[in-house]
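Protein chains in written order, with my numbering: chain H, 34 to 394; chain L, 2 to 388.
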């Protein structure tokens, strides 16, 4: 009697679980199917979210001189910060509508995937794995960087001299792997250590735990300029041993929003090519060059304004240049003071890699 | 005349036994439904944003190296995770052993009749128990290890046997065989020691001749270790400074040292309190009886009080062990490549975050459950059998 009741109870439990499973997996399938059909640009593009929030949530950081730092008064400046403002100026017509969200390096892609931010502009390298596995789509590269090595001044003059040393990097990035590859390539014996954050690494470096400090050259330049013992205590070795194209990233499968961000950035490069700056942009509003009129969203008398259908206001380029500036201005304001040269980041006509596709119908 | 007990069963919806079961099904069904719903959402959202949810990444190349480790840069991610797991075990097991010894000593010290010992123990416990471990760790790493030890350029090498520097401490170690062979040799020697001592004890019981178990045992132990050493072709490797690294012998990594010191100091302060409480929970009569039969203070403590106190201390000790294991993940902050650190770096190098951390979570869970099981086993084994 008793055991049969137990058996019955057990069966009931199993039935319940089975019921829960079936009903739930059914539910999931339905939703997935319903969503799969509308997976294209029609469903909730980030573009719509941005328009309804009336702000661009931009993932960035607060601790990298030149790219994104917090000033003593609480405002933020930097190369990446200004590109956040470029996007806000282009989409919403107001550079101040960029909401800057601080992200730790390991959290950045999760924040992008989960929709916590609309666009990630946080000196992030475009790699195959990130394109494929992290669900991110990388857009126009804003800065062509490469990994280098910083050492105490006078200790080493070339990476090839660095045998049997300890090399430190700030963790959560691809720099450990690049350093290990470089050591194998040169047949050097390096112990590569990584630290969670730059401040801990700097402290450890100062106390002699590392001989070399490896990171992207742009970062090393920024860190060197703010080094407690003065920039002259450190030397950045001439060799650059990796390609690090840094640019904005958006979520996969949202081409509408991707195009918007892409063209906002392209506008800064195009403006520099034509010599249009935040100071003189108003003088170009009645330019004799029809391409420039089209670009600035102007029309000659009896002419028409071009709307390429990107979802951007027709005068977005004007707003970007007026409120933030062209690529050269952004570079000069943020990166030149650190001692970074334009180098490969010069315009294509000057032998660099920055090239804007044509803005026309 | 027989009286028959008539049991009238209440209707099902008022039967307590049925209701009790029903309630449990309901709770179970709700929990299961919530879990499935969350999992479904996760799958759906991941698919929508194009994030990989499979565990295929475990077979991708890791593309980073681990200090103190021969793992190739292109070894699969699963291998890197295993190495991280081993590093977690390395710091946890040594940490548990040291924290237990230190904690018990300080706990006894707190009850010492010596004023100075009592006060120092109290200062130790209150000091370390009341500061956050993360801050203690940073302090030990920078203040004690990196600044307290000489820089690699002026490493201290007493008699050429050791190397002390802030890039690690080098200690002589064996080379030429595998760790497994060494462990087998030592194990065989210990077994022989045990057998010989047992034999000597029987001789003593039978004949009354002095047993000298320690002497005979040690000789056999040493003989087996030395024989094994040469038979398996072991030799000694001395540490030295090569370039700007400590090479040869076995190296105690600076980050490992800092993490171990911090974990031991912190956990021992908790274990000390457990020990003190457990000793005070032993009935006073036990110690008085031991005094009455003229046992020395050490014998009273070692043979009468401590065995009873540790019986009480086992379950809370187990909690401290679990805490220590989980706290070892703080090592990620000071570049100790334990499981959390390796997982984070793997994620930074292209492994999907949620599946990667799920793996790490599962491993921590298994370590903790195994530790719990061991503690429970010890508890059952040493529990006072009451009649």
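Ideal placement from N, C-alpha and C gives every residue a C-beta, glycine not left out.
Just to confirm, are residue 314 of chain L and residue 100 of chain L a CB contact at a threshold of 8 angstroms?
Residue 314 of chain L sits at position 313 when you count from the first residue of the second chain. Residue 100 of chain L sits at position 99 when you count from the first residue of the second chain. No, these two residues do not count as a Cβ contact at 8 angstroms.
Grouping DSSP H, G and I as helix and E and B as strand, with all else coil, what is residue 176 of chain L?
Counting from 1 along the second chain, the entry for residue 176 of chain L is found at position 175. It is a strand residue.
So, are the CB atoms of residue 389 of chain L and residue 316 of chain L less than 8 angstroms apart?
Since the first residue of chain L shown is 2 and the last is 388, residue 389 of chain L is not available in this structure.
Length at least 4, wholly inside the segment 190-273 of chain L: the alpha helix (DSSP H) runs in chain order:
Runs of alpha helix (DSSP H) with 4 or more residues, each lying fully within the segment 190-273 of chain L, are found at 214-232, listed in chain order.
According to DSSP, residues forming a beta bridge with residue 177 of chain H:
The sequence position of residue 177 of chain H within the first chain is 144, counting from 1. Residue 177 of chain H pairs with H/278.
Looking at the C-beta of residue 184 of chain H, does it have a partner C-beta in chain L at a distance below 8 angstroms?
In the first chain, counting from the first residue as 1, residue 184 of chain H sits at position 151. Contact with chain L is absent for residue 184 of chain H, since none of that chain's Cβ atoms lies less than 8 angstroms from the residue's Cβ.
Against chain H: residues of the segment 68-90 of chain L by CB proximity under 7 angstroms
Flagged, chain order: 68, 74.
Close-in-space but distant-in-sequence residues of the same chain around residue 67 of chain H (CB under 8 angstroms, 5 per side omitted):
Translated into positions along the first chain, residue 67 of chain H becomes position 34. A caution first: residue 67 of chain H carries a pLDDT of 35, below 50, which makes its placement in the model unreliable, though a value can still be read off. Closer than 8 angstroms at the Cβ level, and outside the excluded window around residue 67 of chain H, lies no residue.
Supposed contact pair residue 144 of chain L and residue 247 of chain L - C-beta distance, whole angstroms, cut 8 angstroms
Residue mapping note: residue 247 of chain L aligns to position 246 of the second chain, counting from 1. Residue mapping note: residue 144 of chain L aligns to position 143 of the second chain, counting from 1. The C-beta distance from residue 247 of chain L to residue 144 of chain L rounds to 21 angstroms, too long to fall under 8 angstroms, and the pair is not in contact.
Could you tell me how far apart the beta carbons of residue 395 of chain L and residue 249 of chain L are, in whole angstroms, since I believe they sit closer than 8 angstroms?
What the structure shows of chain L is the stretch from 2 to 388, and residue 395 of chain L is not part of that stretch, so it cannot be assessed.
Quick check on residue 84 of chain H: buried or exposed, where buried means 16 or more other Cβ atoms within 10 Å of its Cβ?
Within the first chain, residue 84 of chain H is the residue found at index 51, counting from 1. So residue 84 of chain H ends up on the exposed side.
For the beta strand (DSSP E) containing residue 268 of chain H, list its first residue and its last residue.
The count along the first chain starts at 1 and reaches residue 268 of chain H at position 235. Residue 268 of chain H: member of the beta strand (DSSP E) spanning 267-269, first to last residue.
Show which residues of chain B have a CB atom less than 7 angstroms away from the CB atom of residue 213 of chain H.
Among the protein chains of the structure shown, namely H and L, there is no chain B.
Looking at the C-beta of residue 292 of chain H, does it have a partner C-beta in chain L at a distance below 8 angstroms?
Indexing the first chain from 1 puts residue 292 of chain H at position 259. Not closer than 8 angstroms to any Cβ of chain L, the Cβ of residue 292 of chain H fails to qualify, so no.
Is the segment 79-95 of chain H close to the segment 105-119 of chain H, with three or more CB pairs under 8 angstroms?
Short answer: they touch.
Nearest to residue 288 of chain H by alpha carbon, out of H/172, H/158, H/198, H/128?
The sequence position of residue 288 of chain H within the first chain is 255, counting from 1. Nearest option by C-alpha distance: H/172.
So residue 196 of chain H contacts chain L; which residues on that side make the cut at Cβ distance below 8 angstroms?
Walking along the first chain from the start, residue 196 of chain H turns up at place 163. The contact set of residue 196 of chain H on chain L, defined by CB atoms closer than 8 angstroms, consists of 244 in chain order.
Roughly how many angstroms separate the alpha carbons of residue 55 of chain H and residue 31 of chain L, rounded to a whole number?
Numbered from its first residue, the first chain carries residue 55 of chain H at position 22. Numbered from its first residue, the second chain carries residue 31 of chain L at position 30. At residue 55 of chain H, the pLDDT of 41 sits below 50, so the modelled position is not reliable and the matter cannot be decided from this model.
Alpha helix (DSSP H) containing residue 163 of chain H: first to last residue?
Indexing the first chain from 1 puts residue 163 of chain H at position 130. Annotation: the continuous alpha helix (DSSP H) that includes residue 163 of chain H extends over 161-166.
Would you call the segment 204-214 of chain L and the segment 148-166 of chain L touching, i.e. three or more CB-CB distances under 8 angstroms?
No, they do not touch.
Rounded to whole angstroms, what's the CA-CA distance from residue 129 of chain H to residue 154 of chain H? Just pull it up for me.
Translated into positions along the first chain, residue 129 of chain H becomes position 96. Translated into positions along the first chain, residue 154 of chain H becomes position 121. For residue 129 of chain H and residue 154 of chain H, the distance between alpha carbons rounds to 16 angstroms.
Classify residue 77 of chain H as buried or exposed, calling it buried when 16 or more other Cβ atoms lie within 10 Å of its own Cβ.
As a first step, residue 77 of chain H must be located in the first chain, where it is residue number 44. When all chains shown are included, residue 77 of chain H counts as exposed.
Let me make sure I understand the geometry here. Which of L/113, L/106, L/262 has the alpha-carbon closest to that of residue 311 of chain L?
Within the second chain, the letter at position 310 stands for residue 311 of chain L. Among L/113, L/106, L/262, the Cα nearest to that of residue 311 of chain L is on L/106.
Any C-beta of chain L sitting closer than 8 angstroms to the C-beta of residue 242 of chain H?
Locating residue 242 of chain H in the first chain gives position 209, counting from the first residue. Interface residue (Cβ-Cβ distance to chain L less than 8 angstroms): residue 242 of chain H is classified as such.
Report the start-end ranges of each alpha helix (DSSP H) in the segment 357-394 of chain H that is 4 residues or longer and not cut off at the edges.
Segments of the alpha helix (DSSP H) lying fully in the segment 357-394 of chain H: 360-367.
Partners in chain H for residue 249 of chain L, counting only beta-carbon separations shorter than 8 angstroms
Here residue 249 of chain L corresponds to residue number 248 of the second chain, with the count starting at 1. Below the 8 angstroms Cβ cutoff, chain H contributes no neighbours of residue 249 of chain L, its closest Cβ being approximately 12 angstroms away.
With 9 angstroms as the limit, tell me which residues of the segment 224-236 of chain H have their beta carbon closer than that to any beta carbon of chain L; keep them in chain order.
Within the segment 224-236 of chain H, the residues whose Cβ lies closer than 9 angstroms to some Cβ of chain L are 224, 225, 226, 227, 228, 229, 230, 233, 234, 236, listed in chain order.
Cut-off 7 angstroms between Cβ atoms - residues of its own chain near residue 221 of chain L, not counting five sequence neighbours on either side
As a working note, residue 221 of chain L is residue 220 in the second chain. 193, 194, 197.
Excluding the 5 residues preceding and the 5 following residue 258 of chain H in the sequence, name in chain order all residues of the same chain whose CB lies nearer than 7 angstroms to its CB.
As a position in the first chain, residue 258 of chain H is number 225, starting the count at 1. The answer, listed in chain order, is 98, 264, 371, 372.
Could you check how far apart the C-beta atoms of residue 158 of chain H and residue 278 of chain H are, in whole angstroms? I think they sit under 8 angstroms.
For the purposes of this step, residue 158 of chain H is identified with residue 125 of the first chain, where counting begins at 1. For the purposes of this step, residue 278 of chain H is identified with residue 245 of the first chain, where counting begins at 1. About 7 angstroms separates the two Cβ atoms, so the contact holds.
What are the boundary residues of the beta strand (DSSP E) that residue 90 of chain H is part of?
Counting from one through the first chain, the residue named residue 90 of chain H turns up at place 57. That run of the beta strand (DSSP E) goes 89-93.
Within the same chain, show all residues whose beta-carbon is closer than 7 angstroms to that of residue 147 of chain L, passing over the 5 residues directly before and after it, in chain order.
Mapped onto the second chain, residue 147 of chain L falls at position 146. Counting only Cβ-Cβ distances below 7 angstroms, and skipping sequence neighbours, we find 167, 255.
In terms of residues, what are the limits of the beta strand (DSSP E) holding residue 249 of chain H?
Position 216 of the first chain, counted from the start, is the residue given in the question as residue 249 of chain H. For residue 249 of chain H, the enclosing beta strand (DSSP E) has its first and last residue at 245-249.
Say whether chain L places a C-beta atom closer than 8 angstroms to the C-beta of residue 66 of chain H.
For the purposes of this step, residue 66 of chain H is identified with residue 33 of the first chain, where counting begins at 1. Reliability of the predicted coordinates at residue 66 of chain H is poor, the pLDDT of 35 falling under 50, and the value obtained from them is presented with this limitation in mind. Cβ-Cβ to chain L under 8 angstroms: no for residue 66 of chain H.
Among H/156, H/222, H/253, which residue has its Cα nearest to the Cα of residue 69 of chain L?
By one-based count along the second chain, residue 69 of chain L stands at place 68. For the residues H/156, H/222, H/253, the minimum Cα distance to residue 69 of chain L belongs to H/222.
Near residue 208 of chain H, which residues of its chain fall below 7 angstroms by C-beta distance, leaving aside the five closest residues on each side in sequence?
Here residue 208 of chain H corresponds to residue number 175 of the first chain, with the count starting at 1. Result list for residue 208 of chain H: 180, 202, 247, 248, in chain order.
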